[in-house]
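Step one of this worksheet: look at the structure below.
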Amino acid sequence: MSAHEAHLAAASKALRDVSRVKPVEILFWLAALATFFGLPDQYLLLNEVVITGLFALSLDLVIGYGGIVSLGHAAFFGFGCYAAGLLTKFGVPDPILGLVLTAGMTALLGFVTSFLVLRGSDLTRIMVTLSVGVLLGEIANRLPDLTGGADGLQGVAPGLLLGRFEFDIFGQVAYGYSLAVTFILFVIARRFVFSPFGWSIRAVKQNALRASSIGIHVNRRLVVVYTLAAAYAGVAGALLAQTTSFVSLDVLAFHRSADLLLILILGGTGYLYGGLVGALLFKIVQDFLSNLTPEYWEFWIGLILVSLVMIGRERIVAVPMLLWRRLRGASA
Amino acid sequence: MLTNLFDGIAYGMLLFVMASGLSVTLGLMNLINLAHGAFAMAGGYITVALVNQAGVPFFAALPLAFVLSALIGLVMERTLYVHVYRKTHLEQVMFSIGHVFMAMSAVSFVMGSEQKFITIPAFLDARYEVLGVSMGAYRLLIVAVCGVLAATLQYVVARTRFGAQLRAAVDDPVVARGLGINVDVVFAATFAVGSGLAGLGGALGANLLGLDPTFPVKYLIYFLIVVAVGGSSGMTGPLVAAVLLGIADVSGKYYLPQFGSFMIYLFMIVVLLWRPQGLFARAGGR
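Quick mapping for you: the protein sequence lines, in order, are chains A and B. Sequential numbering of the first sequence, starting at 12, is according to this note's numbering. Sequential numbering of the second sequence, starting at 471, is according to this note's numbering.
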C-alpha cells in the first residue's frame, strides 16, 4: 500500500469512527421512548419539549453547521404553524400529508430567503434574518381574514393519524406523533451531516475561502443547509399547530428566536443533540423560574445568557465533563 | 402633508440621537450590541422618575438623564462590555439579548409594565402655524435639540483630536495603541457618550414613542436600520438615514396604514441586499 493510500484509508477510518452510532446515543433515544410509556401525565409538556427540540435542531443546522447567525428563525417555525393550520382547516385534514406539504412550502420559503443571507457580514445576516422574521409577523398580523390576526387561528382539527389514531386530550397520540417525526428527522439530519456533503458544509463554516479554493461551491452549500433547516423548522411548527389545534401570532414573535438561541447554546451547537438537550433544560429552568417569580422570569433567562457569555460555556461544561472522564477512567 | 413631513423629521432626528452611539459601537467598533435600546429606555424611565415623582423641572431632568445613562453605560462598559468586544458575534448577540431581557424585567419590576408619560411643561403643548405647516412646540424642541447634537457630534468626530483618536482606534486598535492612543479610554468614553445620548433621546422621545418595558425590542429594528443604512462614514450617513426613516415611517403609517411597519422592514432588506455595507459606506472601513 502506498503512503497516499494509507493516508486515505486512515482518513476514511477517522470519518467512519466519528460518524458511528455511539452507545450513549442509543441510550438517549431509549430514554426518550421510555418517557412515552413511563410518563403518561406529562404528555402535553413533553410534546412541547420535543417540538422545541426539533426547532432548535433546525437552528443548529444553520448556526452549528452552516455558521450563519440567525435571529429570525421563528419565521420558518411560524410559517409552518400557519401553513399546517390553514391546510388542516381548508381541505387537507390528514396530518401526515399536511406535514409533508408544510415541509415543502417552508423549504421553498427557506430556499428563496437563503439568497438573502449569502451576502454580507454576520451583522448583515443578523439584520436580514431579523427583518424577515418581523416582516412575516407583520404580514400575519395584517391578514386577520386568513390568520385570525391577534385572536389566533382557531379550530385547527386534524383528522385521524394514519387513518386510525384520534388526537386525544391527554396528548398521548400527539406526543407519540411528535416524537416519531422528530426521531425520523433526526436520523435524516444525522445521515446528512456525516455525509461527504455534510463534511463539506463544515469545511465552509471553518474557512469559506479555503473551502472554495479546494473546489467546494460555498454558496450552494449554504443554500442547501439553510433550506433544509427551514423545512425542519416548518415541520416543528406544523407539529405544534396540529397537536395543539391552535396557532397564535406569538409563534412569529422575536422572543421565540431569542429563546431558541438560548436553548441551542444551553445544549451546545454542532453535535445535533444540543437542540433536544437544550429544549429539555430550558423547559426545566423555565418552569422552575416561573414558579419562583412568575412575572419576571425573563430576568433570570437574561442572567443565564449573560453569564454563559461572561464565564464561557466551555468552562461551565468542562467541570461535569472532567468528572465524567474521571469516573470513566476509574471504572475502566 | 408638510405637517407629516415635519413630524417625520422630528421623529427621525430623535432616532438619530438615540442610535448615534450604536452607529459607532456597532457600525465602527463592530460590536453587535442589540441592547442599545435599553440605555434609551433607562433615560426615559430616569426622566419619568425625576419629573413625575421627584418633581424635578423637565429641562433640568434632560441633562440628568444624559449624565445618568452615560454613567450606567460607562459602568457596564468597564465591567461587562469590555470583555465582549473580542468574543464571537454569536456570543455578542447572546450577551446583548440577555442584557435586554434583564433590563426589561428589571424595569417592569421597579416601574410597572404599563406605558408611562412624562409630564411636560404646558407651553410645550402649543402648536404654531407657519406657512400652513402645523408644528407642535414639543416637536420643535426635539428638532432643535437633536439638530444641535447632530452638528456637535459631526464636529467632534470629524474635527477634534478626540474624534481623530476614535477613528484611528476603530480602524486599527493595535496601531493606534502603538501611537500612544489609550484605546480603552477612547472606547469607554465613546460607549458612555453613546449611552448618554441614547438616554437623552429616550427622555425626549418617551411621550412620542411610547415608553414601556418592551421599548428596547420595539425600536431595535429602527436602530439597526439607522446603523445599517447609514453605514460607517462618520455621522452624516446615520443622520440622513434616520431622517429618511422617520419621514418614511410617519408618512407610511399615515397614508398606507394597512401596511403598518411592513414597508420599513422591506426597505431594510432591499437596502442590505443592494449595499451590504450601508448606503454611505466608507472606503477602507471595516
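Just so it is clear, CB atoms sit at the ideal spot from N, CA and C, and this is done for glycine as well. Source: prediction; values computed, not measured.
Between Lys723 (chain B) and chain A, the shortest Cβ-Cβ separation is not below 8 Å. Counted as a single uninterrupted DSSP element, the stretch harbouring Ser23 (chain A) is not any beta strand (DSSP E) but the alpha helix (DSSP H) occupying residues 14-30. Cβ proximity to chain B below 8 Å picks out Ile137, Met138, Val139, Leu141, Ser142, Val143, Val145, Leu146 from the segment 136-147 of chain A.
Neighbourhood of Lys586 (chain B) in chain A, by CB distance below 7 Å: empty, with the nearest CB roughly 17 Å away.
For Met705 (chain B), the secondary structure class from DSSP, reduced to helix, strand or coil, is coil. DSSP places Arg231 (chain A) outside any beta strand (DSSP E); the residue lies instead in the alpha helix (DSSP H), whose first and last residues are 229-255. For Val320 (chain A), a Cβ of chain B is located within less than 8 Å of the residue's own Cβ. If only complete runs of 3 or more residues are kept, the segment 557-607 of chain B shows the beta strand (DSSP E) at 597-600, 603-606, in order along the chain. At a C-beta separation below 8 Å, Ser731 (chain B) has these neighbours in chain A: Val145, Glu149. Within its own chain, the residues whose Cβ lies closer than 6 Å to the Cβ of Ala85 (chain A), once the five positions on either side in sequence are excluded, are Gly144, Leu263, Arg267, Ser268, listed in chain order. Separation of Ile74 (chain A) and Leu98 (chain A) (C-alpha to C-alpha, rounded to the nearest whole angstrom) is 30 Å. Beta-bridge annotation (DSSP): Val258 (chain A) is paired with A:Leu164. With a threshold of 16 other beta carbon atoms within 10 Å, Gln165 (chain A) falls short and is exposed.
In this chain, the alpha helix (DSSP H) harbouring Ser268 (chain A) covers 265-278. CA-CA distance, Ala592 (chain B) to Thr630 (chain B), rounds to 39 Å. Contact between Val699 (chain B) and Val741 (chain B) holds: their C-beta atoms lie close to 5 Å from each other, under 8 Å. Taking all protein chains in view, the Cβ of Pro686 (chain B) is crowded by 16 or more other Cβ atoms within 10 Å, so the residue is classified as buried. Within the segment 663-703 of chain B, the complete alpha helix (DSSP H) segments of 4 residues or longer fall at 685-688, 690-700, listed in chain order. Contact of Gly89 (chain A) with chain B is not assigned, every C-beta pair being separated by 8 Å or more.
For Phe48 (chain A), the enclosing alpha helix (DSSP H) has its first and last residue at 34-49. Straight-line measurement puts the Cα of Gly669 (chain B) at about 17 Å from the Cα of Ala712 (chain B). Contacts with chain B at 8 Å (Cβ-Cβ) do not include Tyr93 (chain A). Taking C-beta separations shorter than 6 Å and ignoring five residues to either side along the sequence, the partners of Ser223 (chain A) in its chain run Val229, following chain order. Comparing C-alpha distances from Met116 (chain A) to each of A:Arg221, A:Ala191, A:Gly226, A:Ala94 shows the shortest one belongs to A:Ala94. The DSSP-derived three-state label of Leu532 (chain B) is helix.
Beta bridge pairing from DSSP links Phe476 (chain B) with no other residue.
With a contact defined as Cβ atoms closer than 8 Å, Leu492 (chain B) and Gly617 (chain B) miss out at about 19 Å. By the beta-carbon neighbour count (other beta carbons within 10 angstroms, threshold 16), Arg136 (chain A) is buried. Within the segment 535-563 of chain B, contact with chain A at the beta-carbon level (separation under 9 Å) is assigned to Leu550, His553, Val554, Lys557, Thr558, His559, Leu560, Glu561, Gln562, Val563. In the DSSP assignment, Met733 (chain B) falls within the alpha helix (DSSP H) that extends over 732-744.
If you draw a 10 Å sphere on the C-beta of Thr113 (chain A), you find 16 or more other C-beta atoms in it, and that means buried.
Contact check for Ser575 (chain B) against Phe310 (chain A) passes: the beta carbons are separated by less than 8 Å. Below the 7 Å Cβ cutoff, chain B contributes Ile567 as neighbours of Ala269 (chain A), in chain order.
Where Gln297 (chain A) is concerned, the enclosing alpha helix (DSSP H) starts and stops at 284-303. Only those residues of the segment 630-652 of chain B whose C-beta falls short of 9 Å from the nearest C-beta of chain A would be listed, and there are none. Contact annotation: Lys586 (chain B) and Val655 (chain B) have beta-carbon atoms that are not nearer than 8 Å.
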